[in-house]
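In order, the protein sequence lines correspond to chains B and C. Following my numbering, the residues of the first sequence are numbered contiguously, the last one being 1388. Following my numbering, the residues of the second sequence are numbered contiguously, the last one being 948. In this text, a Cβ means the ideal position worked out from N, Cα and C, and glycines have one as well. Step one of this worksheet: look at the structure below.
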Amino acid sequence: MSGLSATDGELVARARKGDVDAFRQLYERHVGGVYALLRSSLRDRDLVEDIVQTAFIRAWDRLARLRDGDAFKVWIRQTARRAMIDEIRKRRLREADSLDENEESGHAPADPAAAPPDALTRSEMAERVRGAVAELPAHQREVVTLHYLDGMEVKSVAQVLEVPLGTVLSRLARARNALKRKLGGFMDDWTEGGA
Amino acid sequence: MRCDEARRWLDGSADEDMAEDVAAHVERCADCAHHYAEGDRLAGLLRSVGPAPMERDLWDGIQGQLRRRRSPWAWLLAPAAGLAAGALLAMLLLPPVTPSDPGALPEPVESAAFPAQAGDDPSALEEDAQVLAWHASAAAGGGLVDPWSAAIAVSALPSGEEDPS
Ligand SMILES: [Zn+2]
C-alpha cells in the first residue's frame, strides 16, 4: 500500500470520491492533534470525543468545499474548534473558565519542578510538562498546544484560531514566560542532554 | 522594527502593544521566522512531550456515520433533500473554501452536529436537510426560498461567533 505515504491533498482527493479508507488515513494522521486542541479547552473527555467525531463527520460532508486538500491539517482543527464553540454555547459550559480558576484537579501536578528530571520516567516528565500547560489560561493553552505540542507553524495556528498572527505571538510569549517560571530548572536539566 | 527588537520580543517580552509589529516583521523576515521556528530549550522540551495520547479510538463511531452517508454527495440523493431543494442548490453554488478564508468556512450546523441520543440518532440525512432548510428560511425571511439569496446568506453567516437559534 503506497497510501501510507500519500500527502493530505492526495488523501483528500480520494476521500472526496467516497474513499473511506483514504479518509481513515486522514483521521489517523490528525485525530491526535484535534483531540489535544479540544482537550486544551474542555476537561470533559466524553464531550471532547463527541466533538472530535462530529468534526470528522462534518469534514467528510464538506470535503468538496476544501479548495486546497493540503490545507486539511488546518481545516480539520478549525472545523473541530468551531464545533466545540457551538457546543459550548449550546450547553452553556464554562469549562475553560473553571480551568482558569484552577478548579481543575484532574491532571494538574502539585509542583512541576519538585522532582529532578533524572528521577522521572519519560511519561512522568511528560505529565508534569502537560500539567504546567494545563495551568495556563485557556487562550494560552490553545496556542501552546497547537504550536509546540502539535507542531504547527504560528501562521497556521492563527488560521486555526481565526485570530491575527500578532495575537498568537503575544499569547505564546506570555505562555512561554509563565512556563519558564513553572518549569524553571526542571527545563534546564532535562534539555541539557538533548541540546 | 529591527531584527534585534523582534527577537527580544519573541524570546520573552510580551508587550501586547508590540505584537502586531512583531508579527508584521516575522511575516517579512525569513531570518526571524526561522529563529522563532527553531525555538529554544523550552520549545524543545514542549515538543519532545507532544500532545496527551487519546484513550479511545473513535474511528468506529465515525465510520458508522460515514456508511449512512456513503459518499460526500449521498445526501443529494436522499428523499429528504426535497425539503430544502433551494438550500441544497445554494450549497452547490457556494464557492470552495480554504482555511485562510475564515468567513467562508463551514458555518455552525447545530442539529446535525450533536444528536440528542447517541444510541438512537435521527437520520443524519434528515438532519442535514433540516439544517439546510433552516438556513434557507433564514435567508428568505421565512418565506420563499431563493437559491441566490440563500447562498449569500449562508456564506455570510458568522463563523461560530453567534448562535442563530
Ligand atoms: Zn528579522
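Name, please, each residue of chain B whose Cβ falls closer than 9 Å to the Cβ of residue i.
{"i": "Ala813 (chain C)", "result": "Within 9 Å Cβ-Cβ: nothing; Ala813 (chain C) doesn't reach chain B, min ~13 Å."}
{"i": "Pro810 (chain C)", "result": "The sequence shown places Glu at residue 810 (chain C), rather than the Pro named in the question. Ordered by position in chain B, the residues that pass the 9 Å Cβ test against Glu810 (chain C) are Lys1348, Leu1358."}
Report the three-state DSSP secondary structure of residue i (helix, strand or coil).
{"i": "Leu1259 (chain B)", "result": "strand"}
{"i": "Leu1329 (chain B)", "result": "coil"}
{"i": "Cys812 (chain C)", "result": "coil"}
{"i": "Glu1335 (chain B)", "result": "helix"}
{"i": "Arg790 (chain C)", "result": "helix"}
{"i": "Asp840 (chain C)", "result": "coil"}
{"i": "Met1318 (chain B)", "result": "helix"}
{"i": "Leu1231 (chain B)", "result": "helix"}
{"i": "Gly1202 (chain B)", "result": "helix"}
{"i": "Gly1225 (chain B)", "result": "helix"}
{"i": "Lys1210 (chain B)", "result": "coil"}
{"i": "Gly827 (chain C)", "result": "helix"}
{"i": "Glu1280 (chain B)", "result": "helix"}
{"i": "Glu1242 (chain B)", "result": "helix"}
{"i": "Trp1215 (chain B)", "result": "Here residue 1215 (chain B) turns out to be Ala, not Trp, going by the sequence shown. Residue state, collapsed to three classes: helix."}
{"i": "Asp800 (chain C)", "result": "helix"}
{"i": "Arg785 (chain C)", "result": "coil"}
{"i": "Val805 (chain C)", "result": "helix"}
{"i": "Arg1236 (chain B)", "result": "coil"}
{"i": "Ala1264 (chain B)", "result": "helix"}
{"i": "Gly1324 (chain B)", "result": "helix"}
{"i": "Asn1370 (chain B)", "result": "helix"}
{"i": "Gly795 (chain C)", "result": "coil"}
{"i": "Glu1355 (chain B)", "result": "coil"}
Rounded to the nearest angstrom, what separates residue i and residue j at their Cα positions?
{"i": "Arg1238 (chain B)", "j": "Glu838 (chain C)", "result": "9 Å"}
{"i": "Phe1246 (chain B)", "j": "Gly844 (chain C)", "result": "At residue 1246 (chain B) the sequence reads Gln, which differs from the Phe that was named. Cα to Cα, the separation comes out at about 7 Å."}
{"i": "Met801 (chain C)", "j": "Gln1333 (chain B)", "result": "18 Å"}
{"i": "Cys812 (chain C)", "j": "Thr1314 (chain B)", "result": "40 Å"}
{"i": "Glu1335 (chain B)", "j": "Arg1260 (chain B)", "result": "26 Å"}
{"i": "Gln1218 (chain B)", "j": "Lys1348 (chain B)", "result": "25 Å"}
{"i": "His808 (chain C)", "j": "Ser1363 (chain B)", "result": "14 Å"}
{"i": "Leu1376 (chain B)", "j": "Val1322 (chain B)", "result": "8 Å"}
{"i": "Cys954 (chain C)", "j": "His817 (chain C)", "result": "Outside the shown range of chain C (784 to 948) lies residue 954 (chain C), about which nothing can therefore be said."}
{"i": "Asp1214 (chain B)", "j": "Val805 (chain C)", "result": "43 Å"}
{"i": "Pro1357 (chain B)", "j": "Arg1275 (chain B)", "result": "17 Å"}
{"i": "Leu829 (chain C)", "j": "Arg1222 (chain B)", "result": "20 Å"}
{"i": "Ala1319 (chain B)", "j": "Gly1262 (chain B)", "result": "33 Å"}
Could you work out which residues of chain C lie near residue i, taking near to mean beta carbons separated by less than 9 Å?
{"i": "Pro1178 (chain B)", "result": "In the structure as shown, chain B starts at 1194 and stops at 1388, and residue 1178 (chain B) therefore has no counterpart that could be examined."}
{"i": "Val1322 (chain B)", "result": "Leu828, Leu829, Ser831, Val832"}
{"i": "Leu1372 (chain B)", "result": "Leu825, Leu828, Leu829"}
{"i": "Ala1273 (chain B)", "result": "In chain order: nothing, as chain C lies at least about 11 Å away."}
Since residue i meets chain C, which of its residues come closer than 8 Å, beta carbon to beta carbon?
{"i": "Arg1222 (chain B)", "result": "Per Cβ cutoff of 8 Å: no residues; Arg1222 (chain B) is ~12 Å from chain C at best."}
{"i": "Ala1331 (chain B)", "result": "Residues of chain C passing the Cβ test: none, with the nearest at roughly 16 Å."}
{"i": "Ala1206 (chain B)", "result": "Correct list: empty, because the minimum Cβ distance to chain C is about 12 Å."}
Below 8 Å on C-beta distance, what does residue i contact in chain B?
{"i": "Glu788 (chain C)", "result": "Within 8 Å Cβ-Cβ: nothing; Glu788 (chain C) doesn't reach chain B, min ~13 Å."}
{"i": "Glu799 (chain C)", "result": "Ser1363"}
Using a cut-off of 7 Å between C-beta atoms, extract the partners of residue i located in chain C.
{"i": "Gln1246 (chain B)", "result": "Leu841, Gly844, Ile845"}
{"i": "Val1213 (chain B)", "result": "Gln846, Leu849"}
{"i": "Glu1242 (chain B)", "result": "Arg839, Leu841"}
{"i": "Ala1319 (chain B)", "result": "Val832"}
{"i": "Ala1199 (chain B)", "result": "Per Cβ cutoff of 7 Å: no residues; Ala1199 (chain B) is ~18 Å from chain C at best."}
Got a sec: does ligand 2 put a non-hydrogen atom nearer than 7 Å to the Cβ of residue i?
{"i": "His1340 (chain B)", "result": "Judged by which ligands are present, ligand 2 is missing from the structure shown, whose ligands are ligand 1."}
Below 7 Å between beta carbons is the criterion; list the residues of the region 1226 to 1237 of chain B that meet it against any residue of chain C, in chain order.
-> Listed in sequence order: Gly1226, Tyr1228, Ala1229, Arg1232.
Mind checking the region 1333 to 1355 of chain B against chain C and listing, in chain order, the residues whose C-beta falls within less than 9 Å of any C-beta there?
-> For the region 1333 to 1355 of chain B, which is checked against every Cβ of chain C, the residues closer than 9 Å are Val1337, Thr1338, His1340, Tyr1341, Leu1342, Asp1343, Gly1344, Glu1346, Val1347, Lys1348, Ser1349, Ala1351, Gln1352, Val1353, Glu1355.
Interfacial residues, the region 828 to 848 of chain C to chain B, with Cβ spacing under 8 Å | Residues of the region 828 to 848 of chain C that bring their beta carbon within less than 8 Å of a beta carbon in chain B comprise Leu828, Leu829, Arg830, Ser831, Val832, Gly833, Pro834, Ala835, Pro836, Met837, Glu838, Arg839, Leu841, Trp842, Gly844, Ile845, Gln846, Gln848, in sequence order.
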